[in-house]
Amino acid sequence: ETGVTQSPTHLIKTRGQQVTLRCSSQSGHNTVSWYQQALGQGPQFIFQYYREEENGRGNFPPRFSGLQFPNYSSELNVNALELDDSALYLCASSLGTSGRSSYNEQFFGPGTRLTVL
Amino acid sequence: AQSVSQHNHHVILSEAASLELGCNYSYGGTVNLFWYVQYPGQHLQLLLKYFSGDPLVKGIKGFEAEFIKSKFSFNLRKPSVQWSDTAEYFCAVIYNQGGKLIFGQGTELSVKP
Numbered sequence: 001e002t003g004v005t006q007s008p009t010h011l012i013k014t015r016g017q018q019v020t021l022r023c024s025s026q027s028g029h030n031t032v033s034w035y036q037q038a039l040g041q042g043p044q045f046i047f048q049y050y051r052e053e054e055n056g057r058g059n060f061p062p063r064f065s066g067l068q069f070p071n072y073s074s075e076l077n078v079n080a081l082e083l084d085d086s087a088l089y090l091c092a093s094s095l096g097t098s099g100r101s102s103y104n105e106q107f108f109g110p111g112t113r114l115t116v117l
Numbered sequence: 001a002q003s004v005s006q007h008n009h010h011v012i013l014s015e016a017a018s019l020e021l022g023c024n025y026s027y028g029g030t031v032n033l034f035w036y037v038q039y040p041g042q043h044l045q046l047l048l049k050y051f052s053g054d055p056l057v058k059g060i061k062g063f064e065a066e067f068i069k070s071k072f073s074f075n076l077r078k079p080s081v082q083w084s085d086t087a088e089y090f091c092a093v094i095y096n097q098g099g100k101l102i103f104g105q106g107t108e109l110s111v112k113p
């Protein structure tokens with residue numbers, strides 16, 4: 001089985017630009033969660049998608065948005081980038097049922113390192 | 001507010017020393033508890049988890065953790081560390097069967113050969 005993959009690995013953007021990060025979930029998984037990990041901090045939950053619907057959101061502004069596709073891959077979009085958006089963005093996939101995936105292990109990808117100048 | 005606190009930011013040990021990393025979580029309902037590890041250059045991996053039952057759980061690579069409900073704690077232990085245990089360790093909690101993991105700030109473990 002293939003693991004969680006993310007692209008690109010690294011990305012440099014300037015303030016005010018928009019960025020799209022991509023995640024391919026592990027085979028058989030239908031739930032994707034996105035996390036932001038700032039330097040020296042633990043990951044912070046951004047949002048989760050279950051079967052193409054948003055299934056929970058953390059304390060992030062609306063300029064952070066996402067999509068999940070029929071093949072359960074996912075995108076994270078960030079508009080109007082700010083310097084504080086510089087971080088490692090992690091995607092995790094899991095197998096959820098009825099909208100709740102808490103009992104199923106979340107498998108993490110390697111992350112995308114975003115630098116905003 | 002739901003939160004997780006890890007007591008130590010950086011721990012330095014010699015090989016064969018015993019390890020205990022502290023983790024406390026705030027009250028917020030029922031909890032599922034996790035320890036993740038991130039080895040240098042690798043992605044987050046699950047070490048162990050607690051959902052219910054025996055409060056002493058065993059994970060991979062000789063790690064174990066004990067859930068003490070009265071203390072809101074879930075400390076990670078290993079009797080004898082190896083150089084290969086050098087990594088960052090994260091405690092995480094899911095509250096009330098929700099889908100989001102709430103992570104602590106992490107503890108960097110350095111093991112000297």
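Residue numbers (our numbering), protein chains in the order written: chain A, 1 to 117; chain B, 1 to 113. Yeah, the Cβ is synthetic: ideal placement off N, Cα and C, and Gly gets one too.
Among the CB atoms of chain B, none fall inside 8 Å of the CB of A:Gln68. Under the DSSP assignment, B:Ala65 falls in the beta strand (DSSP E) whose first and last residues are 64-68. Counting only Cβ-Cβ distances below 7 Å, B:His43 has contacts in chain A at Phe108, Gly109, Pro110, Gly111, in chain order. DSSP places B:Gln6 in the uninterrupted beta strand (DSSP E) bounded by 4-6. The shortest C-alpha to C-alpha distance from B:Leu19 to any of B:Leu101, B:Lys112, B:Lys78 is the one to B:Lys78. For B:Val37, same chain residues with a beta-carbon under 6 Å away, outside a window of 5 residues either side, are Gln45, Leu47, Ala87, Tyr89 in chain order. Secondary structure of B:Ser80 (DSSP, three-state): coil.
Put simply, the region 26-46 of chain A does not touch the region 13-33 of chain B. Fewer than three CB pairs are less than 8 Å apart.
The count of Cβ pairs closer than 8 Å, one atom from the region 16-31 of chain A and one from the region 79-95 of chain A, reaches three, so the stretches are in contact. Closest option to A:Leu76, judged by alpha-carbon separation, among A:Thr14, A:Gln106, A:Glu105, A:Leu114: A:Leu114. DSSP places A:Leu83 in no beta strand (DSSP E); its state is neither H nor E.
The three-state reading of DSSP puts A:Lys13 in strand, counting E and B together. Contact with chain B is absent for A:Ser93, since none of that chain's Cβ atoms lies less than 8 Å from the residue's Cβ. At a cut-off of 8 Å between C-beta atoms, B:Lys100 counts as an interface residue with respect to chain A.
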